[in-house]
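Here's the structure we're looking at; comments come further down.
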Amino acid sequence: MEKANGFGLGMTFIIFVVLASLNGLTPAALGAAVAPALVILAAGVVGIAIFAGLAARLVKWDPLKGMPVAMTALFGFPADYLLCQEISRSVGRDAGEREAIMEDIYTPMLIGGFTTVTLSSVLVASILIGTL
């Protein structure tokens with residue numbers, strides 16, 4: 236999509252789809268959901284951080300690289316790409332260094348995002364199916 240100059244447009248449409256799903260949300264419903272959502276989010280972040288630290292040591296990765304890869308479960312695809320791009324732009328001193336940073340972090344972040352979302356959705360669904 237980048238070669239056809241359509242990547243930015245595609246990202247914009249993905250964001251519109253997400254925003255359109257919030258159409259029926261009322262302020263009261265949002266207010267009632269904030270506290271439970273924050274508790275669930277905090278518990279998830281702590282669990283992911285603990286598991287990521289252990290998994291990074293298991294595969295002999297630096298935990299400072301393993302934790303962000305595991306935390307991609309919180310962001311989703313468009314945000315993963317945007318974060319990698321922003322990190323490489325802000326940390327890299329020249330075009331070559333920015334490209335090297337992007338090559339080093341993009342693939343693990345993308346694969347980590349797909350893996351964590353896939354595994355966690357199956358695990359959560361299997362636990363919550365009993366509550367139906």
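Here our numbering is used: the first residue of the sequence shown is 236, the next is one more, and so on. Built from N, CA and C at the ideal position, the CB exists for glycine as well. Here the structure is a predicted model, which is why all the values come from computation and not from measurement.
Asked: Arg-333 and Ser-323 closer than 7 Å at C-beta; Found: yes
Asked: Terminal residues of the alpha helix (DSSP H) in which Leu-260 lies; Found: Element bounds for Leu-260: n/a, residue is neither H nor E.
Asked: Residues of its chain near Val-352, where Cβ-Cβ distance is below 6 Å and the 5 sequence neighbours each way are ignored; Found: Ala-308
Asked: Asp-329 - DSSP class collapsed to helix/strand/coil; Found: coil
Asked: Length of the line joining the Cα atoms of Pro-271 and Gly-288; Found: 26 Å
Asked: Status (buried if at least 16 other CB within 10 Å, exposed otherwise) for Pro-303; Found: buried
Asked: Straight-line gap, Ala-267 to Thr-261 (C-alpha atoms, nearest Å); Found: 10 Å
Asked: Closer than 6 Å: Ala-263 CB and nearest the ligand FMN heavy atom; Found: Looking at this structure, you won't find the ligand FMN or any other ligand, since it has none at all.
Asked: Alpha-carbon spacing of Val-252 relative to Met-246, whole angstroms; Found: 10 Å
Asked: 7 Å Cβ shell around Phe-315 - same chain, five flanking residues per side excluded; Found: Contrary to the premise, residue 315 reads as Asp rather than Phe in this sequence. Within the same chain, Asp-315 has close Cβ partners Thr-307, Met-344, Leu-345 and Gly-348.
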